[in-house]
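Trainee: Residue numbers (my numbering): 61 to 210.
By construction, the Cβ of each residue, glycine as well, lies at the ideal position given by its N, Cα and C atoms.
A quick note: this is a predicted structure, and the numbers were derived from the prediction, not measured.
(1) Could you check whether residue 87 and residue 135 sit closer than 8 angstroms to each other, using their CB atoms as the reference points?
(2) Chain C beta carbons: is any one of them nearer than 8 angstroms to that of residue 154?
(3) For residue 108, name the three-state secondary structure that DSSP assigns.
(4) Roughly how many whole angstroms lie between the Cα atoms of residue 160 and residue 99?
(5) Return the CA-CA distance between residue 205 and residue 129, expressed in angstroms with no decimal places.
(6) Can you look up residue 62 in the DSSP assignment and give me helix, strand or coil?
(7) By alpha-carbon positions, which one of 62, 78, 118, 105 ends up nearest to residue 194?
(8) Let me check understanding here. Comparing Cα to Cα, which of 154, 71, 163 lies closest to residue 123?
(9) Residue 92 to residue 107, Cα distance in whole Å?
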């Protein structure tokens with residue numbers, strides 16, 4: 061069974077209470093349940109969240125070393141963390157799928173959110189569909205993983 065890391069950056073631990081008009085009212089436990097149900101027997105879903113850039117980078121190293129696909133919501137790190145970008149590049153350069161996700165559509169928000177330093181090294185980007193962004197990313201990762209040579 062495929063294991064998939066679903067990594068979430070700063071402030072996403074406040075989902076459900078943080079700006080519900082932007083991010084909705086569901087929380088990370090709800091996301092975990094949604095993704096586990098969507099994955100069924102196809103994958104084990106490991107949802108994690110941190111406000112610590114170094115921890116997020118360490119998780120990307122873990123994914124690279126164990127060849128584990130990643131769904132990554134870098135949150136605010138999206139716009140400026142070149143260290144996170146370099147760690148994400150390690151994942152994709154190893155041939156491991158990494159899909160960048162965003163709950164909201166960054167391009168419809170403040171100008172500073174329009175730039176992602178992660179997108180250029182990600183396998184793909186899905187944004188603006190609420191938690192469905194994660195479901196779409198899960199589908200993409202499962203398809204990409206099935207297509208990878210063993």
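Mentor: In terms of the structure at hand:
(1) no
(2) The structure shown contains no chain C; it holds only a single protein chain.
(3) strand
(4) 18 angstroms
(5) 8 angstroms
(6) strand
(7) 105
(8) 154
(9) 6 angstroms
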